[in-house]
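Scroll down for the structure; my scribbles are underneath it.
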Amino acid sequence: MKRFIKMQQLAIIVILAVILLGLGYRHIVNAKQTMAPQTTTTASSSKVASSTKTSSSATPTTKTQKQTIDWRAPSEKKAYPDLKQHPHVWLDVSQGKQRVYVKDGNQVLYTMYASTGMDNTTPNGTYSIQAERGDHFFNHKLNEGANYWTSWSGHGVYLFHSVPTDASGNYNVAEAEKLGHKASHGCVRLTIADAKWINTYIPFGTKVVIRAS
1 MKRFIKMQQL
11 AIIVILAVIL
21 LGLGYRHIVN
31 AKQTMAPQTT
41 TTASSSKVAS
51 STKTSSSATP
61 TTKTQKQTID
71 WRAPSEKKAY
81 PDLKQHPHVW
91 LDVSQGKQRV
101 YVKDGNQVLY
111 TMYASTGMDN
121 TTPNGTYSIQ
131 AERGDHFFNH
141 KLNEGANYWT
151 SWSGHGVYLF
161 HSVPTDASGN
171 YNVAEAEKLG
181 HKASHGCVRL
191 TIADAKWINT
201 YIPFGTKVVI
211 RAS
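So that you can map any letter, position 22 of the sequence shown is 22 in the UniProt record's numbering, and since no number is skipped, the others follow by simple counting.
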């Protein structure tokens with residue numbers, strides 16, 4: 001009888017142990033499931049932070065780059081207009097955009113880079129190409145010269161001409177690189193090629209409009 005009781009007690013102990021082990025296993029599983037999303041979230045957040053940091057350091061700072069103008073060459077890659085096909089051509093000088101537009105009526109045939117006068121020294125208005133023109137000049141008072149000059153006002157006072165030269169005829173590179181911005185003493189500076197074309201082909205009497213806009 002005592003032996004039977006002991007076996008019952010042993011069976012009860014085994015059953016209780018199994019139940020306790022089962023409860024313990026379920027607790028461990030639940031704990032793992034509860035912790036899993038937190039671990040994933042932490043790893044994910046860390047990964048995003050790392051990715052953001054890498055992306056930020058890899059992105060270069062955007063800077064406004066200065067436009068490079070070839071002050072020796074024609075302003076456009078296309079050919080200059082054939083004036084035989086455009087007998088009513090005129091020159092539209094925009095001081096606002098620092099451009100000279102070769103036009104036939106309202107049609108722009110060619111666009112040239114320019115530098116007009118600093119401190120409003122280039123007068124606005126309607127003028128015309130005058131008789132005075134030449135291959136080279138040098139102004140001793142300003143200690144500056146230029147090539148391929150063509151007068152449009154004052155009979156040699158206000159000119160279209162190339163970027164500046166020194167007394168020896170060498171181009172002043174520092175001044176030439178200002179092309180496209182106001183830089184002259186009142187004349188209209190152009191690339192060497194553009195100034196030569198105007199000097200060679202634009203006829204006496206051609207209308208020239210200088211405007212602020």
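A virtual CB, placed ideally from N, CA and C, is assigned to each residue, including glycine.
Reference residue i; option with closest CA among the options
i           : options                           : result
Gly145      : Val108, Cys187, Glu177 and Val89  : Cys187
Lys182      : Asp104, Trp71, Thr122 and Gly169  : Thr122
Ser168      : Tyr127, Asn199, Ala73 and Phe138  : Phe138
Pro87       : Lys141, Ala212 and Phe204         : Phe204
Pro164      : Ser128, Ser115, Asn199 and Trp152 : Ser115
Tyr113      : Ala73, Arg133 and Gly154          : Ala73
Gln130      : Lys77, Ile192, Tyr158 and Ala212  : Tyr158
Ser94       : Gln85, Lys77, Asp135 and Gly117   : Gly117
Lys141      : Ala176, Asp135, His155 and Asp166 : Asp166
residue 225 : His185, Arg189, Ser213 and Leu190 : Here the chain has residues from 1 to 213 only, and residue 225 is not among them.
Trp152      : Ser128, Lys78 and Asp135          : Ser128
Neighbourhood of residue i by C-beta distance below 6 Å, restricted to the same chain and skipping five residues each side
i      : result
Lys97  : none
Asp92  : Tyr101, Lys103 and Val209
Trp197 : Tyr80
Ile192 : Arg72 and Ser162
Thr126 : Val209
His136 : Asn147
Ala176 : Trp71 and Val163
Sequence-distant residues of its chain with Cβ nearer than 8 Å to residue i (five each side left out)
i      : result
Val89  : Pro81, Leu83, Val102, Lys103, Asp104, Leu109, Ile202 and Thr206
Thr111 : Ser75, Glu76, Arg99, Val100, Tyr101 and Val102
Asn172 : Glu144, Val163, Pro164, Thr165 and Asp166
Lys78  : Tyr110
Gln85  : none
Thr61  : Here Thr61 scores only 41 on pLDDT, less than 50, and its place in the model should not be relied on; the value that follows carries that caveat. Cβ within range, chain order: n/a, list empty.
Local conformation of residue i per DSSP, three classes
i      : result
Ala146 : strand
Lys196 : helix
Asp119 : helix
Val157 : coil
Val163 : coil
Ala36  : With a pLDDT of 42 at Ala36, under the threshold of 50, the predicted position of this residue should be treated as unreliable, and no value is reported.
Chain-order list of residues whose beta-carbon lies under 7 Å from that of residue i (same chain, five-residue window excluded)
i      : result
Ala195 : Asn147, Tyr148, Phe160, His161 and Ser162
Ala212 : Gln95, Gly96 and Asn124
His155 : Gln130 and Glu132
Whole-Å CB distance - residue i paired with residue j, under 8 Å assumed
i      : j      : result
Ile210 : Asn106 : About 18 Å separates the two Cβ atoms, so there is no contact after all.
Asn199 : Arg99  : 18 Å between Cβ atoms; not a contact.
Leu179 : Ile69  : 5 Å
Interface flag, residue i vs chain B, CB-CB below 7 Å
i      : result
Ser128 : In the structure shown, chain B cannot be found, because there is only a single protein chain.
Checklist entry - Can you list, in chain order, the stretches of the beta strand (DSSP E) that have 3 or more residues and sit fully within the stretch 69 to 115? => result Taken in chain order, the complete beta strand (DSSP E) segments of 3 or more residues contained in the stretch 69 to 115 are 89 to 94, 99 to 104 and 107 to 113.
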